[in-house]
Amino acid sequence: DTAVSQTPKYLVTQMGNDKSIKCEQNLGHDTMYWYKQDSKKFLKIMFSYNNKELIINETVPNRFSPKSPDKAHLNLHINSLELGDSAVYFCASSQNGINYGYTFGSGTRLTVV
Amino acid sequence: AQSVTQLDSQVPVFEEAPVELRCNYSSSVSVYLFWYVQYPNQGLQLLLKYLSGSTLVESINGFEAEFNKSQTSFHLRKPSVHISDTAEYFCAALTGANNLFFGTGTRLTVIP
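These protein sequence lines map, in sequence, to chains A and B. Under the numbering used here, think of the first position of the first sequence as 44, with each following residue one higher. Under the numbering used here, think of the first position of the second sequence as 21, with each following residue one higher.
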């Protein structure tokens, strides 16, 4: 069973479109995250969210919005896609406390054309 | 200010040779340190972590890292690398906001 699963794995779309990436974790973790990995492999946190608090990286454009229907899901919705949004997006989860580290999904490669 | 620094963007090494991937952290982050590995076209996998206790931590595939407080370092080492170790390696630290901050990564290429 996949611990953190993301869909789709690949997403190709045109500029200006709106798209969503889904993430689900079956680990019972209480915090979930979205990271963006650019073409230079640099990983940058976009959001962290638990059932109490959403923390947004201030550098993330407001075209990006996380949506959490329940504790096991954190979807990423992107409005008005731009070329610069092309990247690999990783979902992750963790349990409160640091003993377990983060568990990452396999990533979604988004290509905006 | 950069919290985690990986000075080497690429490290080529011959098979069965030793390797060290360098990581330095700033005093602004916690001393909860991690190494993650990303194999080609895959997600990130936790390799090892330092939380407290013994400063030398080991992974199941022969890697080890040593927490050095005086040098603010957490270098990753392996005495003899294999072709299958070719991957991107990321050092990371927990920030005060309890988020995982990553270094820029080191591409390890093992040459046959």
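Every residue gets a Cβ at the ideal spot worked out from N, C-alpha and C, and that includes glycine. The structure presented is a predicted model; accordingly, all values stated were derived computationally and were not measured.
Could you work out which residue in the options is closest to residue i when comparing CA atoms only?
i: residue 34 of chain B; options: B:125, B:112, B:122, B:105; result: B:105
i: residue 103 of chain A; options: A:112, A:96, A:90, A:138; result: A:90
i: residue 81 of chain A; options: A:132, A:156, A:146; result: A:132
i: residue 85 of chain A; options: B:111, B:118, B:94, B:76; result: B:111
i: residue 63 of chain A; options: A:146, A:53, A:138, A:69; result: A:53
With distances taken between CB atoms, is the gap from residue i to residue j smaller than 7 Å?
i: residue 29 of chain B; j: residue 121 of chain B; result: no
i: residue 130 of chain A; j: residue 83 of chain A; result: no
i: residue 94 of chain A; j: residue 114 of chain A; result: yes
i: residue 82 of chain B; j: residue 148 of chain A; result: no
i: residue 70 of chain B; j: residue 87 of chain B; result: yes
i: residue 52 of chain B; j: residue 92 of chain B; result: no
i: residue 66 of chain A; j: residue 117 of chain A; result: yes
i: residue 107 of chain B; j: residue 94 of chain B; result: no
i: residue 211 of chain A; j: residue 54 of chain B; result: As shown, chain A starts at 44 and ends at 156. That puts residue 211 of chain A outside it, with no answer to give.
i: residue 65 of chain B; j: residue 126 of chain B; result: no
i: residue 128 of chain B; j: residue 31 of chain B; result: yes
i: residue 47 of chain A; j: residue 137 of chain A; result: no
For residue i, name the three-state secondary structure that DSSP assigns.
i: residue 80 of chain B; result: coil
i: residue 63 of chain A; result: strand
i: residue 126 of chain A; result: helix
i: residue 46 of chain B; result: coil
i: residue 23 of chain B; result: coil
i: residue 53 of chain A; result: strand
i: residue 74 of chain B; result: coil
i: residue 151 of chain A; result: strand
i: residue 18 of chain B; result: With chain B covering only 21 through 132, there is no way to say anything about residue 18 of chain B.
i: residue 66 of chain B; result: strand
i: residue 51 of chain B; result: coil
Mind checking who residue i pairs with in its DSSP beta bridge?
i: residue 115 of chain A; result: Looking at the DSSP assignment, residue 115 of chain A forms no beta bridge with any residue, so it has no partner.
i: residue 97 of chain B; result: B:40, B:84
i: residue 75 of chain A; result: A:92, A:136
i: residue 107 of chain B; result: B:128
i: residue 107 of chain A; result: A:121
i: residue 32 of chain B; result: B:129
i: residue 91 of chain B; result: Paired residue(s): none; residue 91 of chain B is not in a bridge.
i: residue 80 of chain A; result: A:86, A:131
i: residue 114 of chain B; result: B:120
Measuring CB atoms only, is the region 25-38 of chain B touching the region 98-108 of chain B, in the sense that at least three cross pairs come out at less than 8 Å?
yes
Counting Cβ pairs closer than 8 Å, one from the region 118-126 of chain A and one from the region 52-66 of chain A, do we hit at least three?
yes
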